[in-house]
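Residue numbers (the numbering used here): 231 to 354.
Report on the following structure.
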Amino acid sequence: MPASFQWARLKGDLKCALRQGAWYRILKLSPTEAVVDVKGKPVPVPRGQLQLSSEPALYWSVVPSPKHPRFPAAWGARYAVCPNCRDRAKLEGHAPSMRCVRCNGFFEIAWDGPSRGVPKGRES
């Protein structure tokens with residue numbers, strides 16, 4: 231039975247309204263496009279630019295810093311994105327998990343790749 235995709239995130243560093251590493255609820259999905267909820271507003275994104283899942287990962291996403299970040303340069307070459315509230319955070323060392331200062335959620339960190347925490351057979 232095919233997966234019922236309900237969540238999406240960007241596959242790479244693309245210029246659009248979505249934050250890299252953050253999961254968004256899918257409002258509408260077609261063969262060529264997904265419309266996702268970004269702060270209560272529907273935003274269309276080409277389907278090929280998205281990783282799809284039936285459920286969001288419950289791990290911090292590790293994301294390479296963009297060329298022109300909106301956070302301190304002292305954060306270094308990468309940062310983490312909270313799976314619950316999408317807040318960004320500085321990575322300290324190589325800890326296995328950390329707490330989000332914004333939502334107080336405590337999650338493991340997906341150091342080994344973007345599909346960690348996405349059930350096998352449930353990603354695209």
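We treat Cβ as the ideally placed atom computed from N, Cα and C, and that holds for glycine.
Distance cutoff 9 angstroms, beta carbons only. Does residue 253 sit that close to anything in chain D?
Protein chain content of the structure displayed is limited to a single chain, and chain D is not contained in it.
Report the rounded CA-to-CA distance for residue 349 versus residue 305, giving the unit in angstroms.
As a position in the sequence shown, residue 349 is number 119, starting the count at 1. As a position in the sequence shown, residue 305 is number 75, starting the count at 1. Interpretation of residue 349 is limited by its pLDDT of 41, a score under 50 that renders its predicted location unreliable; the figure taken from the coordinates is listed afterwards. Going from the Cα of residue 349 to the Cα of residue 305 covers about 30 angstroms.
Could you give the residue range of the beta strand (DSSP E) that holds residue 267?
Along the sequence shown, one-based indexing puts residue 267 at 37. Its beta strand (DSSP E) spans residues 263 to 268.
Determine the DSSP secondary structure at residue 255, reduced to helix, strand or coil.
Start at 1 with the first residue of the sequence shown, and residue 255 comes out as number 25. Correct three-state label for residue 255: strand.
Short of 6 angstroms in beta carbon distance, which residues of its chain neighbour residue 238, apart from the five on each side in sequence? Order them along the chain.
Indexing the sequence shown from 1 puts residue 238 at position 8. The residues are 254, 256, 264, 266, 280 and 282.
Measuring straight from C-alpha to C-alpha, what distance separates residue 247 and residue 260?
Taking the first residue of the sequence shown as 1, we reach residue 247 at position 17. Taking the first residue of the sequence shown as 1, we reach residue 260 at position 30. Their Cα atoms are separated by approximately 19 angstroms.
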